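Participant:
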Amino acid sequence: MSSVSMKSLLEAGVHFGHQKSQWNPKMSKFIFGHRNKVHIIDLAKTVKELKKACKFVKDVASSNGSVLFVGTKHQSQEIVKNEAIRCGAHYIVSRWLGGTLTNFDTIRKNVARLNEIEKMKSDGLFDKLPKKEISMLTKEWKKLELSLSGIKNMKDIPSVVFIVDPVNEKTAVDEARRLKIPIVAICDTNSDPDVVDYCIPGNDDAIKSINLLVTVVADAVLEGKSVVKAADNHQITVEEKYSSEEEIPMTEVAENKEVVENKENVPEKQ
């Protein structure tokens, strides 16, 4: 299992925040400074908060709790889906349907309909239907599959919701808070950390940053699910992953002339 250090976070561009004009003052405690009007996230605090978040996620998973990964903006969709599948979590990467959590009974009915159509296809019943009806059912299936494929096996509301960019996923945040479901989230400098339970300060726009942080959280889920085996085999735990590599002083990060210029492939932040 790969370790997570300030160096690896730096290489992934986790420290890049938004323009100063776009910040949320509540994130000030996680900001080291700025360069060329771009806020620089304090990676020492990212490491600290990431450790807390992963410890919590691991504990939830080790208690047979379920985790829902949420990341609907385009640069996070594939990463969130793949990592959720890898660790056996549920996921939503297309549009968040209003009521996904707060009206879960209706969502389950839609899932049942999706399963019904899929069973019709697998049983060969489609071949016996008129072409017009097949076309209608196919359109219905595609719509349901797009929205519900990642939560088909979610029998109840999740124990925790892990979100990439709570600003973008405001409806998901609101629903989870209403039901008092703990929220773990990657929060950029424009986020409100007070609306989540575990804030992981970091770049939620760059693919490399998202990939690193989501992978680490997925690893925590896997560790929780195999906690007994891990203890027997003396495998690396979440707590051991964050202190094995040499740290880079944030002063060096802020003074690095390439700290902003190297924002390659990072979409312009709004």
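Each number in this note's numbering corresponds to the 1-based position in the sequence shown with 1 added.
Positions of the beta carbon are idealized from the N, C-alpha and C atoms, including for glycine.
This one's a predicted model, so the numbers in the text were calculated from it and none came from an experiment.
(1) Any contact between the region 31-45 and the region 7-18? By contact I mean 3 or more CB pairs, one from each, below 8 Å.
(2) Return the CA-CA distance between LYS59 and LYS129, expressed in angstroms with no decimal places.
(3) Tell me, which residues are paired with GLY1 by DSSP?
(4) Out of LYS46, ARG96, GLY125 and ILE118, state which residue places its alpha-carbon closest to the alpha-carbon of MET137.
(5) Hey, could you find the ends of the beta strand (DSSP E) ASP31 is sitting in?
(6) Considering only C-alpha positions, which residue in the set PRO26, LYS46, ALA90 and MET7 is nearest to ASP220?
(7) Out of ASN65, ARG96 and CYS200, which one is the CA nearest neighbour of GLU50?
(8) Just to confirm before moving on: does the CB-CB distance between ALA112 and LYS46 stay below 8 Å?
(9) From which residue to which residue does the alpha helix (DSSP H) around ALA207 run?
(10) Return the chain-ordered list of same chain residues with a C-beta closer than 6 Å to the C-beta of ASP205, the five sequence neighbours on each side being excluded.
(11) Do VAL161 and VAL61 have their beta-carbon atoms positioned less than 8 Å apart in this structure?
(12) Buried or exposed for GLY34, please, with buried defined as at least 16 other CB atoms from any protein chain shown within 10 angstroms of its CB.
(13) According to the Cβ coordinates, are ALA88 and LEU223 closer than 8 Å?
(14) By Cβ distance, which residues of its chain are closer than 6 Å to GLU12, with the 5 residues on each side in sequence left out?
(15) Measure the CB-CB distance between VAL185 and VAL228 and report whether it falls below 8 Å.
(16) Shortest alpha-carbon distance to GLY66 belongs to which of VAL168, VAL215, SER6 and ILE158?
(17) By Cβ distance, which residues of its chain are closer than 7 Å to GLY99, with the 5 residues on each side in sequence left out?
(18) Would you call GLU84 buried or exposed, if buried means 16 or more other Cβ atoms sit within 10 Å of its Cβ?
(19) For ASP233, which residues of its own chain have a beta-carbon under 6 Å away from its beta-carbon, when the five flanking residues on both sides are left out?
(20) Indicate the three-state DSSP secondary structure (helix, strand or coil) for LEU335 in the structure shown.
(21) How far does the alpha helix (DSSP H) with ILE182 in it extend, from its first residue to its last?
(22) Rounded to a whole number of angstroms, what is the C-alpha to C-alpha distance between LEU147 and SER95?
(23) Between the C-alpha atoms of LYS8 and LEU149, what's the straight-line distance to the nearest angstrom?
Facilitator: Judging by the given coordinates:
(1) yes
(2) Counted from its first residue, the sequence shown places residue 59 at position 58. Counted from its first residue, the sequence shown places residue 129 at position 128. Distance between the alpha carbons of LYS59 and LYS129: 48 Å.
(3) With the chain running from 2 to 271 in the structure shown, residue 1 is simply not present.
(4) Position 136 of the sequence shown, counted from the first residue, corresponds to residue 137. Of the listed residues, the one whose Cα sits closest to MET137 is ILE118.
(5) Sequence index remark: in the sequence shown, residue 31 carries index 30 (1-based). For the record, residue 31 in the displayed sequence is Phe; it is not Asp. Premise fails: PHE31 is in no beta strand (DSSP E) and is neither H nor E.
(6) As a working note, residue 220 is residue 219 in the sequence shown. Measuring from the Cα of ASP220, the nearest candidate turns out to be ALA90.
(7) Within the sequence shown, numbered from 1, the residue matching residue 50 stands at position 49. Among ASN65, ARG96 and CYS200, the Cα nearest to that of GLU50 is on CYS200.
(8) Within the sequence shown, residue 112 is the residue found at index 111, counting from 1. Within the sequence shown, residue 46 is the residue found at index 45, counting from 1. In the sequence on display, residue 112 carries Val and not Ala. Taking 8 Å as the Cβ cut-off, VAL112 and LYS46 do not qualify as a contacting pair.
(9) Looking up residue 207 in the sequence shown gives position 206. Neither: ALA207 is in no alpha helix (DSSP H) and is coded neither H nor E.
(10) The residue labelled residue 205 in the question sits at position 204 within the sequence shown. Excluding positions up to five away in sequence, the list reads VAL165, ASP166, ILE187 and ASP189.
(11) As a first step, residue 61 must be located in the sequence shown, where it is residue number 60. As a first step, residue 161 must be located in the sequence shown, where it is residue number 160. Yes, the pair counts as a contact, with Cβ atoms nearer than the cut-off.
(12) Within the sequence shown, the letter at position 33 stands for residue 34. GLY34 should be labelled exposed.
(13) Numbered from 1 along the sequence shown, position 87 holds the residue referred to as residue 88. Numbered from 1 along the sequence shown, position 222 holds the residue referred to as residue 223. Sequence check: residue 88 is Cys here, not Ala. Contact: yes.
(14) Position 11 of the sequence shown holds residue 12. Answer for GLU12: no residue qualifies.
(15) For the purposes of this step, residue 185 is identified with residue 184 of the sequence shown, where counting begins at 1. For the purposes of this step, residue 228 is identified with residue 227 of the sequence shown, where counting begins at 1. Result no, Cβ atoms of VAL185 and VAL228 do not sit closer than 8 Å.
(16) Numbered from 1 along the sequence shown, position 65 holds the residue referred to as residue 66. Comparing Cα-Cα distances from GLY66 to each of VAL168, VAL215, SER6 and ILE158, the minimum goes to ILE158.
(17) Residue numbering aside, residue 99 sits at position 98 when the sequence shown is read from its first letter. Cβ within range, chain order: THR172.
(18) Mapped onto the sequence shown, residue 84 falls at position 83. Buried, since its Cβ has 16 or more Cβ neighbours within 10 Å.
(19) Position 232 of the sequence shown, counted from the start, is the residue given in the question as residue 233. With a pLDDT of only 45 at ASP233, under 50, the local geometry of the prediction cannot be trusted, and no value is derived from it.
(20) Nothing can be reported for residue 335, as the shown portion of the chain is limited to 2 through 271.
(21) The residue given as residue 182 occupies position 181 in the sequence shown. For ILE182, there is no enclosing alpha helix (DSSP H), since its DSSP letter is neither H nor E.
(22) Taking the first residue of the sequence shown as position 1, residue 147 is located at position 146. Taking the first residue of the sequence shown as position 1, residue 95 is located at position 94. Approximately 7 Å, taken between the alpha carbons.
(23) As a first step, residue 8 must be located in the sequence shown, where it is residue number 7. As a first step, residue 149 must be located in the sequence shown, where it is residue number 148. LYS8 and LEU149: Cα-Cα distance of roughly 37 Å.
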